[in-house]
Amino acid sequence: MQSLSLSFHDHTLVIAINRPEKLNALNKVVIEELGTAISDVYNNGEIRSVIITGSGTKAFVAGADISEFGALDAAGGKAMAEKGQKEVFDKIENCPKPVIAAVNGFALGGGCELAMACHFRIASANARFGQPEINLGLIPGYGGTRRLPRLIGKGRAMEMLMTGKMIDAPAALQYGLVNEVTAEDDLMSKALAICAVINTKAPLALAGVVRATNAAFDENKTETEIFGQLFDTADAKEGAAAFLEKRQPVFKGA
Ligand code: COA
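Residue 260 in my numbering is what sits at position 249 of the sequence shown, and the numbering runs on without skipping anything.
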C-alpha cells in the first residue's frame, strides 16, 4: 500500500492513513487503498476488529485532497462522492466487524466523515473536528450531512456545517461525537484495549449489532446531488484556489 500503513495486533487490524506531510488528506489513491483494505476486512477470517487512525502526531485526516478539486465539474464531484461512499464510507459503516476511529489530531471534512462512518470514536486530547467544506463553497460529500446530525443533533450539526468551525476534543466528548478522550500517548493502547474486549465476543452477534443498529437509519442521496452540483459553481473554484494560494476566498454567490 502506497498511502496506508497496515499492522496487526492479535486479531485487530490497525489501518493508518499515511500521508502525514499532507495531513493525511484523502486523495484518489487513499480512497482506492482504503476500499481494498476494508474489502479485505470483510473477507479475512483472522481480522475481528479494526482501528482507523492517522500517521504522525498532527492529523487523523484533514479532509479530501483539495488539490484534486480543480479538475472536478458537477459530474466529477458527484462521481467522486458516490465512489467514496460506496467503496469506503458505507462499507465501513456496514462492516460486519467493529471499526473504531482513533482520532489523533485534525479530523476535518472527509476526515470527520471517515471518523463518523466508523462504529464509534475515541480521540486524543489534541483532536479537532470540523466540516469546513462551507469555506470552500461546498458541502460534505462523504455522508457528513447525514451522520453529523445523527451523532450530535441537528442544531449543533447545522452550526458546524454553516460556520465551518472546528471543535476541540472536550467539546466533541460533550456533543457525543466521541466516546472518550485520552492523552495523546494513550490513544492507541486505549483503542487496542477496547478491541481486545470486542475480539472475545461472538463474531456473528457483533455483525448482528451492526446490521440491526444501522437498519434504523435510511440512506439519503440528496447530499451527493448537491455536492456534485456545487463543483460547477465559480465559488467552489474560488474556494479551492484560495486555499491552495493561502488566501481568503471571495464568494459571489454564483
Ligand atoms: N487537501 C490538500 N492538502 C491539504 C489539506 C487538504 N484537505 N489539508 C492540509 N493540506 C496540506 C497543506 O496544503 C500543506 O501542504 P504544503 O506543505 O505543501 O503547503 C500541508 O498539508 C500542511 O498543512 P498546513 O495548512 O500548512 O497546516 P496548518 O497547521 O497551517 O493548518 C489545517 C492545518 C488543518 C487547519 C489546514 O491544513 C486546513 O485548513 N486544511 C484543509 C481542511 C479542509 O478544508 N478540509 C476539508 C476539505 S473538503
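Cβ atoms here follow ideal geometry from the backbone N, Cα and C, with glycine treated the same way.
If you follow the beta strand (DSSP E) that residue i is part of, which residue opens it and which one closes it?
i, result
"Ser60", "Ser60 to Gly65"
"Leu15", "Leu15 to His20"
"Glu191", "Glu191 to Thr193"
In its own chain, which residues sit with a C-beta less than 7 Å from the C-beta of residue i, not counting the 5 before and 5 after it?
i, result
"Val52", "Leu24, Ile58, Val61, Cys106 and Lys108"
"Leu255", "Ile77 and Ser78"
"Asn190", "Phe131, Arg132 and Ile133"
"Val240", "Position check: residue 240 holds Gln in this sequence, whereas Val was assumed. Same-chain partners within the cutoff: Ala85."
"Ile237", "Ile150"
"Gly87", "Phe242"
Near residue i, what residues of its chain come up, given a Cβ to Cβ distance below 6 Å and the 5 sequence neighbours on each side ignored?
i, result
"Asn35", "Ile28, Gly65, Ala70 and Val72"
"Asn115", "Thr64, Gly65, Phe71, Ser135 and Leu198"
"Gly152", "Ala92 and Phe238"
"Ala128", "Phe100, Ile103 and Glu104"
So is the beta-carbon of residue i under 7 Å away from any non-hydrogen atom of the ligand COA?
i, result
"Ser78", "yes"
"Glu75", "Strictly speaking, residue 75 in this sequence is Ala, with Glu absent from that position. Result yes, Cβ under 7 Å from the ligand COA."
"Asn105", "no"
"Asn146", "yes"
"Lys94", "no"
"Ala213", "no"
"Gly120", "yes"
Look up residue i in the DSSP assignment and say whether it is helix, strand or coil.
i, result
"Leu24", "strand"
"Gly164", "coil"
"Phe254", "helix"
"Arg132", "strand"
"Ala70", "strand"
"Phe117", "strand"
"Ile150", "coil"
"Val110", "strand"
"Leu264", "A small fix is needed here, since residue 264 is Gly in this sequence, not Leu. If DSSP states are grouped into helix, strand and coil, Gly264 belongs with coil."
"Ala75", "strand"
Terminal residues of the continuous alpha helix (DSSP H) containing residue i?
i, result
"Phe242", "First-last for Phe242: undefined, no H or E at that position."
"Arg222", "Pro214 to Asn225"
"Gly46", "Lys39 to Asn54"
Might you give, ordered along the chain, the residues of its own chain that have their beta carbon closer than 8 Å to the beta carbon of residue i, omitting 5 neighbours on each side?
i, result
"Ile209", "Arg59, Ser60, Pro109 and Leu217"
"Pro9", "Since the first and last residues shown for the chain are 12 and 265, residue 9 lies out of range."
Counting Cβ pairs closer than 8 Å, one from the region 163-178 and one from the region 137-152, do we hit at least three? Yes, they touch.
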